[in-house]
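>
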Amino acid sequence: MQVTSLCLLAVIFLISLVQIDGLLRRCYQCRSRGEGGSCKDPFTFNATDVESEPGLAAIPCASGWCGKVIEGGGTYAIDDYDLAIQRMCVQRGPDDNMDRCADTIYNYKKVYMCFCQGDLCNGARGLSRDGGFLLLPLSILLPAILAVVLPTRF
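So this is what it looks like as structure tokens:
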């Protein structure tokens, strides 16, 4: 009986981790212009780099929607001097709640803007979006837990 209770608590704990990760939404906040700065693409930072990199922050985002704005660097640009990239939390996402990138008007300027929903989603895209990194330990532990809880009967 104690083993069953322990296994049940372990499963509840793992599920709660997924739920907690789903509730905590942060966005990268930074701005770079031209070749300088840490906000430009390719964006090579992750959550552990935030504290050591000046000008880069991971801020809580109440809406859960992050954004990335690329300003300048049009079709006829020779270099990236006028290219500015900004990552931030946005007050609300698209009306249909779908992640997307498109040309739009932002602060009275034509820009290319991306919206995404998820923890630190406005950095480089990766496999660990929205708690997916927890699926691997869960998929390893679940068969072991089931083997203890439901012994095979042949």
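Once you know that position 138 of the sequence shown is 138 in this note's numbering, the rest is easy, because the numbers rise by one and skip nothing.
A virtual CB, placed ideally from N, CA and C, is assigned to each residue, including glycine.
Because the structure is a prediction, the values reported are computed rather than measured.
1. Any chance the region 104 to 124 sits against the region 22 to 33, with 3 or more Cβ pairs inside 8 Å?
2. Could I get the ranges of all uninterrupted alpha helix (DSSP H) runs contained in the region 29 to 78, with 4 residues as the minimum, in chain order?
3. Quick one: is Gly132 buried, meaning 16 or more other Cβ sit within 10 Å of its Cβ, or exposed?
4. In this structure, does DSSP put Thr112 in helix, strand or coil?
5. At the level of alpha carbons, what is the spacing between Phe45 and Ile85?
6. Can you check DSSP and say which residues form a bridge with Cys121?
7. In three-state DSSP terms, what is Asp103?
8. Pro42 to Ala124, Cα distance in whole Å?
9. CB-CB under 6 Å to Asp130, same chain, minus the five flanking residues each way: which ones, in chain order?
10. Quick one: Cα of Ser128 to Cα of Asp99, how far?
Straight from the coordinates:
1. yes
2. none
3. Taking the first residue of the sequence shown as 1, we reach residue 132 at position 132. Legend: pLDDT at Gly132 = 43, less than 50; position of this residue unreliable, no value from coordinates given.
4. On the sequence shown, residue 112 is found 112 positions in, with the first residue counted as 1. As written in the sequence, residue 112 is Tyr, which differs from the Thr given in the question. In the structure shown, Tyr112 sits in a strand (DSSP, three-state: E or B).
5. Locating residue 45 in the sequence shown gives position 45, where the first residue counts as 1. Locating residue 85 in the sequence shown gives position 85, where the first residue counts as 1. Their backbone Cα atoms lie some 15 Å apart in a straight line.
6. Here residue 121 refers to the residue found at position 121 when the sequence shown is read from its first residue. Answer is none; Cys121 lacks a bridge partner.
7. Position 103 of the sequence shown, counting from 1, holds the residue named residue 103. The answer is strand: DSSP assigns Asp103 an E or B state.
8. Sequence index remark: in the sequence shown, residue 42 carries index 42 (1-based). Sequence index remark: in the sequence shown, residue 124 carries index 124 (1-based). In a straight line, the C-alpha of Pro42 is about 7 Å away from that of Ala124.
9. Working through the sequence shown from its first residue, we reach residue 130 at position 130. With a pLDDT of 42 at Asp130, under the threshold of 50, the modelled position of this residue cannot be trusted; read the value that follows with caution. Closer than 6 Å at Cβ, skipping near neighbours: Gly118.
10. In the sequence shown, residue 128 corresponds to position 128, counting from 1. In the sequence shown, residue 99 corresponds to position 99, counting from 1. Model confidence at Ser128 stands at a pLDDT of 36, short of 50, so the residue's coordinates are unreliable; what they give is reported in the following sentence. Cα-Cα distance, rounded: 16 Å.
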